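S.K.: What follows is a single structure, and I will ask about it in a moment.
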């Protein structure tokens with residue numbers, strides 16, 4: 159499994175506002191850590207049971223994380239770095255990860271340690287046609303009731319599976335997502351420092 163991380167804190171890079179809401183009656187942030195019953199309102203989790211299982215784990219009391227956004231999709235478009243898999247299809251998702259611990263949300267070091275440990279653990283798993291990438295990005299936390307905004311961080315996790323067809327790519331993605339889940343469980347159980 160290919161695994162890597164990067165830091166994207168430039169002025170043109172993606173950011174996250176938390177909580178967030180789409181315009182109109184679109185989707186919005188759901189606090190699944192404190193209200194796990196709201197998982198049924200996440201359309202992407204309803205379409206992909208593997209993603210729903212990952213979200214349940216991420217919001218469990220044993221996890222040091224929670225999530226803010228996610229999506230799941232399939233494609234036949236490959237980036238040059240994905241050509242090593244020799245596949246015609248990919249299936250993937252992204253999940254925006256947040257630390258549950260308030261102090262860790264504002265610590266770049268905590269985020270960097272976490273993504274380094276995740277990539278280290280995932281590079282040890284058997285070779286499968288899959289990849290995971292973790293991007294440290296800026297998050298603007300709107301704190302209620304103080305009504306102030308604090309600059310912190312979050313992690314966008316991309317996981318892809320590759321195959322000759324969509325079914326095979328989805329199967330590899332499901333395996334890769336389970337490996338990511340297990341790495342998060344391992345880090346969470348290790349009384350991760352700084353968090």
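In the numbering used here, the protein residues as written are 159 to 353. The C-beta atom is built at its ideal place from N, Cα and C for all residues, glycine as well. Please read all numbers here as calculations on a predicted model, not as lab measurements.
If residue 272 and residue 310 are in contact, beta carbons under 8 Å, what's the gap, nearest whole angstrom?
M.R.: With 8 Å as the limit, residue 272 and residue 310 do not qualify as a contact, their Cβ atoms being about 14 Å apart.
S.K.: For residue 333, count the other beta carbons within 10 Å of its own beta carbon; 16 or more makes it buried, fewer makes it exposed. Which is it?
M.R.: buried
S.K.: Suppose you measure from the CA of residue 163 to the CA of residue 344; what does that come to, to the nearest Å?
M.R.: 18 Å
S.K.: What does a CB cutoff of less than 8 Å around residue 194 pick up in its chain, not counting 5 residues either side in sequence?
M.R.: 214, 217
S.K.: For residue 254, collect the residues of the same chain with a Cβ closer than 8 Å to its Cβ; drop the 5 residues on either side in sequence, then sort them by chain order.
M.R.: Cβ within range, chain order: 174, 225, 226, 227, 228, 312, 313, 314, 315.
S.K.: For residue 221, report the span of its beta strand (DSSP E) as first-last.
M.R.: It is not in any beta strand (DSSP E) - residue 221 carries neither H nor E in the DSSP assignment.
S.K.: Measuring only the C-alpha atoms, how far is residue 403 from residue 200?
M.R.: Because the chain is modelled from 159 through 353, residue 403 falls outside the range shown and cannot be assessed.
S.K.: With a threshold of 16 other CB atoms inside 10 Å of the CB of residue 346, please say whether the residue is buried or exposed.
M.R.: buried
S.K.: Taking Cβ positions, are residue 206 and residue 290 nearer each other than 9 Å?
M.R.: no
S.K.: Comparing C-alpha positions only, which one of 294, 326, 306 sits nearest to residue 168?
M.R.: 294
S.K.: Is the distance from the Cβ of residue 106 to the Cβ of residue 321 below 9 Å?
M.R.: Since the displayed the chain opens at 159 and closes at 353, residue 106 lies outside it and no answer follows.
S.K.: Quick check on the burial criterion: 16 or more other C-beta atoms within 10 angstroms. Buried or exposed for residue 319?
M.R.: buried
S.K.: Which word fits residue 269, buried or exposed, when buried means at least 16 other C-beta atoms lie within 10 angstroms of its C-beta?
M.R.: By the neighbour-count criterion, in which 16 or more other beta carbons inside 10 Å mark a residue as buried, residue 269 falls on the buried side.
S.K.: Go through its chain and collect everything with a Cβ distance to residue 275's Cβ below 7 Å, but skip five positions before and after it.
M.R.: Non-local beta-carbon contacts of residue 275 in its own chain, meaning distances under 7 Å to residues more than five positions away in sequence, involve 345 in chain order.
S.K.: Helix, strand or coil for residue 235 per DSSP?
M.R.: coil
S.K.: So within the segment 274-308, which uninterrupted beta strand (DSSP E) runs reach at least 3 residues, ignoring any that extend past its ends?
M.R.: 288-301
S.K.: For the beta strand (DSSP E) containing residue 175, list its first residue and its last residue.
M.R.: 173-176
S.K.: For residue 246, does the three-state DSSP call read helix, strand or coil?
M.R.: coil
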